[in-house]
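Report on the following structure.
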Amino acid sequence: MEREDRDKIYSKRVRAGKRTYFFDVRSTRSNDYYLTITESRRFQKDGGFVFEKSKMFVYKEDFNKFLEALQETIDHIKTELMPEFDFDQYKNEQVSVSNEETDDYASGGSSDLKWE
Numbered sequence: 001m002e003r004e005d006r007d008k009i010y011s012k013r014v015r016a017g018k019r020t021y022f023f024d025v026r027s028t029r030s031n032d033y034y035l036t037i038t039e040s041r042r043f044q045k046d047g048g049f050v051f052e053k054s055k056m057f058v059y060k061e062d063f064n065k066f067l068e069a070l071q072e073t074i075d076h077i078k079t080e081l082m083p084e085f086d087f088d089q090y091k092n093e094q095v096s097v098s099n100e101e102t103d104d105y106a107s108g109g110s111s112d113l114k115w116e
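What follows is the structure, encoded as structure tokens:
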């Protein structure tokens, strides 16, 4: 079993159009845990699909600060910048994803999460 699969404890995927967000809980050799958040963007190139990925790591000592800052930022957008916008219209939106994207993740991609 590859290290990539062995240290993954929990995964969640959020599909959002041409983007997919992966939230993975991973473990270290010393049985500590951290979160990786990966954004995978799909686009066409040379007649086929290509995936571009961006990854960030959030460590346990930063979980509360990260979550608080994220929630404050989202709340600011929702209440101060776009109070008239109905963000719930996207809540149950289903997006079809090709097997290529699923296969891409299975071959070493990332995972997903939802903050409310």
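1 is the number of the first residue of the sequence shown in the numbering used here; add one for each residue after it.
Positions of the beta carbon are idealized from the N, C-alpha and C atoms, including for glycine.
Assuming the contact rule is C-beta atoms closer than 8 angstroms, residue i and residue j should be a hit. Round their C-beta distance to whole Å, please.
i: SER40; j: ARG26; result: The Cβ separation is near 17 angstroms, so there is no contact.
i: VAL14; j: TYR34; result: 19 angstroms between Cβ atoms; not a contact.
i: SER11; j: PHE22; result: 7 angstroms
State the start and end residues of the unbroken alpha helix (DSSP H) segment that holds residue i.
i: THR73; result: 63-76
Looking at the structure shown, is residue i part of a helix, part of a strand, or coil, going by DSSP?
i: THR28; result: coil
i: PHE87; result: helix
i: LYS18; result: coil
Given a cut-off of 8 angstroms on the beta-carbon distance, is the pair residue i and residue j in contact?
i: ASP32; j: LYS60; result: yes
i: LYS65; j: THR38; result: no
For residue i, which residues does DSSP report across the bridge?
i: MET170; result: Given that the chain is displayed from residue 1 to residue 116, the structure contains no residue 170 and the question cannot be resolved.
i: GLY48; result: LYS45
Quick one: does residue i have its CB under 8 angstroms from some CB of chain D?
i: ASP46; result: Although the question refers to chain D, the structure presented lacks it and comprises just one protein chain.
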